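Each protein sequence line maps, in turn, to chains A and B.
Numbering of the first sequence is given in our numbering, commencing with residue 5 and proceeding in unit increments.
Numbering of the second sequence is given in our numbering, commencing with residue 774 and proceeding in unit increments.
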Amino acid sequence: MTSGLTSRVHVAPRRRQRTPRRGQQTGLAGWSGRTIAGVVILVFAAFFLVPIVWLLLAVTKSGGQLLRLNPFEGGSWASLQANWDELFGFQDGAVVHWFLNSVYYALGSLALTLVVSVPAGYALALTRFKGRRLLLVTTLVVMLMPSTALVLPVFLEINTIGLIGSPLSVILPFSFYPFGVYLTFIYFSTSLPSSLLAAARLDGCSELQVFLRIALPLARPVVALVGFFSFVQNWNNYFLPFVMLPSSDNYPMQIGLSALLSSTPAFNPSAAGADSVQLTTLALATVVSVLPVLIMFMFSQRFLITGMTAGGIKE
Amino acid sequence: MTAPTLTREPQTAAVNRPGQRHRRRTNWTALAFVTPYVVMVLAFGVGPVLYALKLAFTTSGGGFAGTDNFSRVVNDFRFLPAVEHVGYFLLIWLVAMVLLVVILALVVHAVSVRWLSGVIRLAFYLPGALAGASSVLLWLFMLDPGASPVGSLLRGAGWSSFAETIAPGHLPVIFAVIAFWTGAGGWIVVMYGALNNIPTDIMEAARIDGANVVQTALHVQLPLLRKWIAYMAVLSLATGTQLFVEPTLLSQASNAVVPNDYSINQLAFQYAFDLNDVNGSAAIAVLLLVVALALSALFVARGGLFESEGP
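So this is what it looks like as structure tokens:
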């Protein structure tokens, strides 16, 4: 449901757009307009933020405190510690395992994505070859398709060649990332001065050297952007690993969450056993599962907004 | 302002022109550069699609099946309800997206204090970090009157237990709320960028002509946003037809109050995993693929993504 975020961000050459201040002409007329606008913003800011704030507070409470205390009251370090112990004690530390699996899948495919996409985007932007246009159109069409549309077909294919259950069954499909090719293609098409490449060639650089020594260093911003989106998308992916990896040993964090959910009596009454999980522990698991991405989002705000609006601002 | 547009062709022609030898060398390098990607496209893009097509038109024994697989899944008593469920969800979600995202973008754009506008946008898009299972899990808490911070609201609406909150009739709205919560912020930022792009003199002219804020929004800003709104709607429509994670987890959390064949993709999953009917599963996957492909091709053809690329 969320591939939208990645597929709508268009990189633009590093071009800081500072629009002139809009001034009062767009300002809301009169205090009543301002009041309405203020209320709308407050209501929606609450809608977007309250769940996150609640979640961050919930992990500091015990199961009982969660029900008794005010939703926006903090608990204690001791409760957080207890939740932490319960979470990481679950099935002999399965959570650590799932987390590391997520890291492995997301970083493995990130590396492969970069190795595959950046040279491809470069060649598509700066050279002419047979089938180039077909490749570009295919890239665009697949990029705009929701990635989930391909999950079952890829599953059926991987199933036939007997790779189900192997880490490769997620890493390889993750690494097919047309959006990354599109981003690098746009970047190299619009912001790499071809005179620079020509000069390097005159100086005796081979084509490979031109790419490695001139183009690649200049493309650092777009490489970072592709890496960011690839990581976020793969870290959060649920459907693909869900069908590809049947065994708990191979679960990434997202699938691990659903295993924890099944062990939470509050949502699954039949789970009341030795390995059952409290609501607040489940909340902590949710926090742990999004932490890498949430931190990246907070610190890449500028970067993200520049990336997103740059595409929007482009004339 | 356009959708992602290749604004200009790089001057590669000039680079490639000098001499046959150079041109040849360039093309070999180009080939080496794109080959890994082409392999990926074939293995995980084109290949699976062709394979799914083959399976959809053959029997489990491998013989030609005609449209048998399609008629079998379409006539399955669970198919039409699944389409209906996804349809209701899409209707609610798309209307909410188009109306609210545009309104919120306009309102945030009218905030003239720069840092405040930045903070609001961050607040709006931060939930985008929680996607997939994590956001659904978070919303399970929100929907459980016992734990939810808005528990009193839920009880006030007459839902005193989790099972009552997620009664089947509420599901399309619930899924729309979850999807909106996760995805709207990113689009608000995009629309905001597009609004920023409207030249100041146009806005100035509207003001001098005596247009008030609402008139300016309706007659100046909205028409200029139209392309982005279409882009958002098409992509959201394509994504929404794939509904899977939300009902899957809700089904798991509700002791099957939510059935595990609620959405079309779930049904395809059931066919492959529970019924061991890969041909039926492939048939559903192909139907969904056709929708996704058609929408994305429509956008590529009409959206001007290739404006400067001659045929």
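Cβ coordinates follow ideal geometry from the N, Cα and C atoms, glycine included.
All values reported here derive from a predicted model rather than from experimental measurement.
For a Cβ distance threshold of 8 Å, residue set Phe806 of chain B lies close to Tyr126 of chain A, ordered along the chain.
The C-beta of Tyr861 of chain B comes no closer than 8 Å to any C-beta of chain A.
Secondary structure note for Glu857 of chain B: its alpha helix (DSSP H) is the uninterrupted segment 852-869. The Cβ-Cβ distance between Pro918 of chain B and Leu911 of chain B does not fall below 8 Å.
In the pairwise beta carbon analysis, the segment 977-990 of chain B is classified as touching the segment 32-50 of chain A: at least three pairs are separated by under 8 Å. Look at Thr268 of chain A here: in three-state DSSP terms it is coil, with no helix or strand label. Here the C-alpha atom of Met302 of chain A lies approximately 14 Å from the C-alpha atom of Gly959 of chain B. Within chain B, no residue has its CB atom less than 7 Å from the CB of Trp102 of chain A, the nearest being about 11 Å off. The C-beta of Thr1012 of chain B comes closer than 8 Å to at least one C-beta of chain A. With fewer than 16 neighbouring CB atoms inside 10 Å of its own CB, Ser844 of chain B falls in the exposed class. Put simply, of B:Asn969, B:Val1031, B:Tyr1044 the residue whose alpha carbon is nearest the alpha carbon of Phe271 of chain A is B:Val1031. At a Cβ-Cβ threshold of 8 Å, Val226 of chain A and Thr188 of chain A count as neighbours. By the Cβ-count criterion, Val886 of chain B is exposed, with fewer than 16 other Cβ atoms from all chains shown falling within 10 Å of its own Cβ. Residue pairing of Thr831 of chain B in beta bridges, as defined by DSSP: B:Phe837.
Cβ contact annotation for Pro900 of chain B (same chain, cutoff 8 Å, sequence separation greater than five): Ser908, Trp954, Thr955, Gly958, in chain order. Short of 8 Å from the beta carbon of Phe215 of chain A, and not among the five residues preceding or following it, lie these beta carbons of its own chain, in chain order: Pro123, Tyr126. At least one C-beta of chain B is nearer than 8 Å to the C-beta of Gly37 of chain A. Beta-carbon to beta-carbon, Val859 of chain B and Ser1036 of chain B are separated by about 5 Å, close enough to satisfy the 8 Å threshold. Here His992 of chain B is exposed. Its C-beta has fewer than 16 other C-beta atoms within 10 Å. Judged by beta-carbon spacing, Ala1006 of chain B lies beyond the 8 Å limit of Leu815 of chain B, meaning their Cβ atoms are not closer than that value. Contact note: Phe1017 of chain B reaches chain A through Thr152, Phe243, using a C-beta cutoff of 7 Å and chain order. Considering only beta carbons, the part of the segment 812-823 of chain B lying closer than 7 Å to chain A consists of Met813, Val814, Phe817, Gly818, Gly820, Pro821, Val822, in chain order. The C-beta of Leu916 of chain B comes no closer than 8 Å to any C-beta of chain A. Ile939 of chain B sits in coil when the DSSP states are folded into three classes, being neither helix nor strand.
Runs of the alpha helix (DSSP H) lying entirely within the segment 1007-1069 of chain B and spanning at least 4 residues, in chain order: 1018-1026, 1037-1046. Taking a 10 Å sphere around the C-beta of Lys827 of chain B, we find fewer than 16 other C-beta atoms and assign the residue as exposed. Within chain A, the residues whose beta carbon sits less than 9 Å from that of Asn800 of chain B are Thr131, Arg132, Phe133, Lys134, listed in sequence order.
If you keep only unbroken alpha helix (DSSP H) runs of at least 4 residues inside the segment 131-164 of chain A, you get 136-148, 155-164. Out of B:Pro809, B:Val892, B:Arg894, B:Tyr861, the CA that lies nearest to the CA of Gly1013 of chain B is found in B:Tyr861.
For Phe183 of chain A against Met147 of chain A, the beta-carbon gap comes to about 5 Å, under 8 Å, which counts as contact.
The Cβ atoms of Pro256 of chain A and Asn105 of chain A sit closer than 8 Å to each other.
Leu1022 of chain B has its alpha-carbon roughly 23 Å from the corresponding atom of Gly1053 of chain B. Collapsing the DSSP output to three states places Ile876 of chain B in a helix.
Measuring C-alpha to C-alpha distances from Leu1071 of chain B to each of B:Met813, B:Tyr1004, B:Pro1020 identifies B:Tyr1004 as the nearest. Residue environment analysis places Thr832 of chain B among the exposed positions, since fewer than 16 neighbouring C-beta atoms fall within 10 angstroms of its C-beta. Between Ile876 of chain B and the set A:Leu200, A:Ala41, A:Leu295, the nearest pair of CA atoms involves A:Ala41.
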